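Student: When you line the sequence shown up against the numbering used here, it's residues 167 to 549, in that order.
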Amino acid sequence: MGGLRILITNRMLVRRAGTELYVRDLALALQSRGHAPIVYSSRIGEAARELREATVPIVDDLAMLSSPPDIIHGHHHVETMTALLHFQEVPAVFFCHGWLPWDETPPSFPRILRYVGVDDTCRDRLLWEHGLDKEHVQVILNFVDLERFKPRPPLPPHPARALVFSNEASDSTHLPVVSEACERAGIHLDVAGKQSGQISEAPERILGGYDLVFAKGRAALEAMAVGAAVVLCDARGAGPLVTVDEVAQLRRLNFGLRALRNQPDVAVLTREIARYDARDAAEVSKHIRAAAGREQAVDEIVALYHEVLTEYRGAFPRDAQAEARATAAYLRWAAADMREARDLYEKELAAFENWPAVRLYKRWRDTSLIGQRARRIVRWVAR
Numbered sequence: 167m168g169g170l171r172i173l174i175t176n177r178m179l180v181r182r183a184g185t186e187l188y189v190r191d192l193a194l195a196l197q198s199r200g201h202a203p204i205v206y207s208s209r210i211g212e213a214a215r216e217l218r219e220a221t222v223p224i225v226d227d228l229a230m231l232s233s234p235p236d237i238i239h240g241h242h243h244v245e246t247m248t249a250l251l252h253f254q255e256v257p258a259v260f261f262c263h264g265w266l267p268w269d270e271t272p273p274s275f276p277r278i279l280r281y282v283g284v285d286d287t288c289r290d291r292l293l294w295e296h297g298l299d300k301e302h303v304q305v306i307l308n309f310v311d312l313e314r315f316k317p318r319p320p321l322p323p324h325p326a327r328a329l330v331f332s333n334e335a336s337d338s339t340h341l342p343v344v345s346e347a348c349e350r351a352g353i354h355l356d357v358a359g360k361q362s363g364q365i366s367e368a369p370e371r372i373l374g375g376y377d378l379v380f381a382k383g384r385a386a387l388e389a390m391a392v393g394a395a396v397v398l399c400d401a402r403g404a405g406p407l408v409t410v411d412e413v414a415q416l417r418r419l420n421f422g423l424r425a426l427r428n429q430p431d432v433a434v435l436t437r438e439i440a441r442y443d444a445r446d447a448a449e450v451s452k453h454i455r456a457a458a459g460r461e462q463a464v465d466e467i468v469a470l471y472h473e474v475l476t477e478y479r480g481a482f483p484r485d486a487q488a489e490a491r492a493t494a495a496y497l498r499w500a501a502a503d504m505r506e507a508r509d510l511y512e513k514e515l516a517a518f519e520n521w522p523a524v525r526l527y528k529r530w531r532d533t534s535l536i537g538q539r540a541r542r543i544v545r546w547v548a549r
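1) Is the distance from the Cβ of P273 to the Cβ of A457 below 9 Å?
2) Might you give, ordered along the chain, the residues of its own chain that have their beta carbon closer than 6 Å to the beta carbon of R525, omitting 5 neighbours on each side?
3) Please work out which residues of its chain come closer than 8 Å, Cβ to Cβ, to V432, disregarding the five sequence neighbours upstream and downstream, and give them in chain order.
4) DSSP state of R181, grouped into three classes?
5) Which same chain residues end up closer than 7 Å to T271 when comparing Cβ atoms and leaving out the 5 residues on each side of it in sequence?
6) According to the neighbour-count rule (16 or more other Cβ atoms, all chains shown, within 10 Å of its Cβ), is K382 buried or exposed?
7) Using C-beta distances below 8 Å, list every residue in its chain close to R181, excluding the 5 sequence neighbours before and after it, in chain order.
8) At which residue ranges does the stretch 181-261 contain complete beta strand (DSSP E) runs of 3 or more residues, listed in the order of the chain?
9) Tell me whether the beta-carbon of L378 lies closer than 9 Å to the beta-carbon of A358.
10) My output table needs one value for G405: the three-state DSSP class, helix, strand or coil.
11) Only counting the same chain, and skipping five residues up and downstream in sequence, which positions put a Cβ closer than 6 Å to that of K528?
12) I need the DSSP call for R549, collapsed to helix, strand or coil.
13) Just to confirm my understanding: we take H324, look at its own chain, exclude 5 residues before and 5 after, and list those with CB closer than 6 Å. What are they?
14) Assuming T175 is part of the alpha helix (DSSP H), what are its boundary residues?
15) Would you mind reading off the limits of the beta strand (DSSP E) that contains D299?
16) If you draw a straight line from the C-alpha of L435 to the C-alpha of H472, how long is it?
17) By DSSP, does K528 sit in helix, in strand, or in coil?
18) For a quick check, are the C-beta atoms of N308 and L387 less than 9 Å apart?
19) Which residues in the same chain have their Cβ closer than 6 Å to the Cβ of T175, if we skip the five residues on either side of it in sequence?
20) Got a sec, what are the start and stop residues for the beta strand (DSSP E) A328 sits in?
21) Where in the stretch 340-372 do unbroken runs of the alpha helix (DSSP H), each at least 4 residues long, occur, reported from the N-terminal end onward?
22) At the level of alpha carbons, what is the spacing between A486 and E255?
23) Would you tell me roughly how many angstroms separate the C-alpha atoms of A202 and L187, rounded to the nearest one?
24) State the CB to CB distance for the pair L217 and A193, rounded to an integer number of angstroms; the pair is presumed to be in contact (CB under 8 Å).
25) Would L355 pass as a contact of C399 if the rule is Cβ separation under 9 Å?
26) Skipping 5 residues on each side, what residues in its chain have a beta carbon closer than 7 Å to that of D446?
27) So A391 packs on S336, CB below 8 Å; how close in whole Å?
28) If I'm right that R289 touches G283 with Cβ under 8 Å, what's the distance once you round it to whole angstroms?
29) What distance in whole Å lies between the Cβ atoms of G403 and Q429, which are believed to be in contact at a cut-off of 8 Å?
30) Let me confirm a value: E295 is counted as buried when at least 16 other C-beta atoms fall within 10 Å, else exposed. Which label applies?
31) Going along the chain, which residues of its own chain have a beta-carbon closer than 8 Å to the beta-carbon of R190, five neighbours each way excluded?
32) Going by Cα to Cα distance, which pick from L279, K316, I238 is closest to L298?
33) In the DSSP assignment, the alpha helix (DSSP H) including D290 goes from what residue to what residue?
34) Could you please give the first and the last residue of the uninterrupted beta strand (DSSP E) stretch that includes L279?
35) Where D443 and R371 are concerned, what is the direct C-alpha to C-alpha distance, given to the nearest angstrom?
36) Which of the three DSSP states is assigned to V474 in this structure?
Spelled out as structure tokens, the structure:
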């Protein structure tokens with residue numbers, strides 16, 4: 167089979183975090199296999215640089231594409247719908263990466279033939295909050311680039327150095343309690359992440375220097391791939407030290423929200439630090455490197471592309487009227503949701519009307535992200 171032209175959408179390519187890193191790893195893997203990935207985002211920044219240096223095309227205007235893609239790999243509903251409406255003969259798959267974010271809401275549209283959750287939590291959002299047909303929903307678990315995150319030397323019997331690896335870590339979130347727990351255990355602690363001001367553009371270069379890492383989600387997966395012991399912890403909560411007995415189950419949760427069962431406090435973290443076991447952590451790393459590599463996940467994703475294309479090209483009749491109704495329903499939902507969000511902001515701001523920061527906010531709120539998205543929807547209608 168020949169290479170595919172794959173349009174990957176994402177709400178922004180600004181930070182080196184979250185779906186931006188997923189898009190980077192996916193696009194580079196697809197390119198290495200002879201496919202032609204193209205990335206569309208309305209906000210292009212630093213996160214696009216690495217992809218452009220690797221000759222992956224980046225566009226913020228779909229009119230720049232001289233020919234349509236074969237398939238749309240959609241992240242985030244606004245950008246996915248933009249691509250579907252621009253390319254009216256192209257099928258899509260939609261990937262949901264989060265339980266909470268508004269952007270991860272799955273749009274209902276006839277040419278989205280499959281919905282994918284990156285963990286069981288996202289799958290449940292697709293099935294139970296949005297009523298999608300279970301035959302069209304599947305899970306392709308998150309992955310790690312094993313070439314980028316190479317194994318470290320064996321861990322010491324007792325941890326000496328620890329890292330809080332989180333963009334949310336700061337003195338106003340979970341960093342102080344992690345710091346106190348590590349101090350009690352005699353462990354030196356560093357931090358890497360946006361809110362702390364200690365941004366690491368290449369975490370693969372530093373993770374091997376730490377015995378214990380406090381992280382969640384993709385960051386936790388990367389730390390385990392390197393061979394560090396990992397305590398699941400972030401601003402939203404604290405979970406367990408990941409052991410070989412639990413790693414498969416926790417990976418089904420993407421080491422994320424459902425795994426963060428406790429409030430991050432010193433007692434909880436002290437208990438989990440005490441469970442540190444160098445040999446068990448090595449077995450965890452072995453499991454991750456065997457089961458969670460990028461190439462295995464991309465095998466599944468490419469197989470899904472071909473499945474969707476076969477279905478679409480075979481007996482899938484395009485229904486322009488159904489698409490028009492779905493577009494109208496989407497616009498109605500998005501407009502109502504944004505009105506609700508704006509009303510909530512106004513209600514909350516009214517209680518702090520005289521605060522200088524609130525007055526300043528009101529001066530620039532019309533250029534906020536919600537405002538930008540509202541204007542984008544208006545432009546769709548005006549076409």
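For each residue, glycine too, the CB sits at the ideal point set by N, CA and C. Remember, it's a predicted structure, so these values are computed and weren't measured experimentally.
Tutor: In short:
1) No, the Cβ-Cβ distance between P273 and A457 is not below 9 Å.
2) Note that R525 has pLDDT 49, beneath the 50 cutoff, so the model's placement of it is unreliable and no number is given.
3) If we look at V432 and ignore the five residues flanking it on each side, its Cβ neighbours are V343, E346, A347, R350.
4) R181 falls in the coil class under three-state DSSP.
5) Excluding sequence neighbours, T271 sits near H243.
6) The Cβ neighbour count for K382, taken over all protein chains shown within 10 Å, is at least 16; the residue is labelled buried.
7) Excluding sequence neighbours, R181 sits near G211, E212, A213, N333, K360.
8) Listed in chain order, the complete beta strand (DSSP E) runs (minimum 3 residues) inside the stretch 181-261 are 202-206, 237-241.
9) Their beta carbons are not under 9 Å apart, which means L378 does not touch A358 by this criterion.
10) Residue state, collapsed to three classes: strand.
11) Its pLDDT being 48, under 50, K528 is placed unreliably by the model, and nothing is read from it.
12) Legend: pLDDT at R549 = 48, less than 50; position of this residue unreliable, no value from coordinates given.
13) Spatial neighbours of H324 in its own chain (CB-CB distance under 6 Å, excluding positions within 5 residues in sequence) are not present.
14) Per DSSP, T175 lies in no alpha helix (DSSP H) segment; the continuous beta strand (DSSP E) that holds it begins and ends at 171-175.
15) Per DSSP, D299 lies in no beta strand (DSSP E) segment and is marked neither H nor E.
16) Straight-line Cα distance between these residues: approximately 45 Å.
17) In this prediction, K528 has a pLDDT of 48, which is less than 50 and means its spatial position is unreliable; what the coordinates show is noted afterwards. Of the three classes helix, strand and coil, the one that applies to K528 here is helix, per DSSP.
18) Yes; because the gap between Cβ atoms is below 9 Å, this pair is in contact.
19) Sequence-distant partners of T175 (beyond 5 residues in either direction) whose C-beta falls short of 6 Å from its own C-beta, in its chain, are Y206, G240, H241, E245, T246, A249.
20) First-last of the beta strand (DSSP E) with A328: 327-331.
21) Runs of the alpha helix (DSSP H) lying entirely within the stretch 340-372, each at least 4 residues long, are 341-350 in chain order.
22) Computed Cα separation, rounded: 10 Å.
23) For A202 and L187, the distance between alpha carbons rounds to 18 Å.
24) About 6 Å; that satisfies the 8 Å criterion.
25) Their beta carbons are not under 9 Å apart, which means L355 does not touch C399 by this criterion.
26) If we look at D446 and ignore the five residues flanking it on each side, its Cβ neighbours are T409, V410.
27) Not confirmed; about 26 Å, so no contact.
28) Rounded, the Cβ-Cβ distance is 4 Å, consistent with contact.
29) With 8 Å as the limit, Q429 and G403 qualify as a contact, their Cβ atoms being about 6 Å apart.
30) Burial call: exposed.
31) Here the set comprises A213, E216, L217.
32) L298 has its Cα closest to that of L279, out of L279, K316, I238.
33) First-last of the alpha helix (DSSP H) with D290: 286-290.
34) Taken as a continuous stretch (DSSP letters only), the beta strand (DSSP E) holding L279 covers 278-283.
35) If you draw a straight line from the Cα of D443 to the Cα of R371, it comes to about 23 Å.
36) Taken through DSSP and simplified to helix, strand or coil, V474 comes out as helix.
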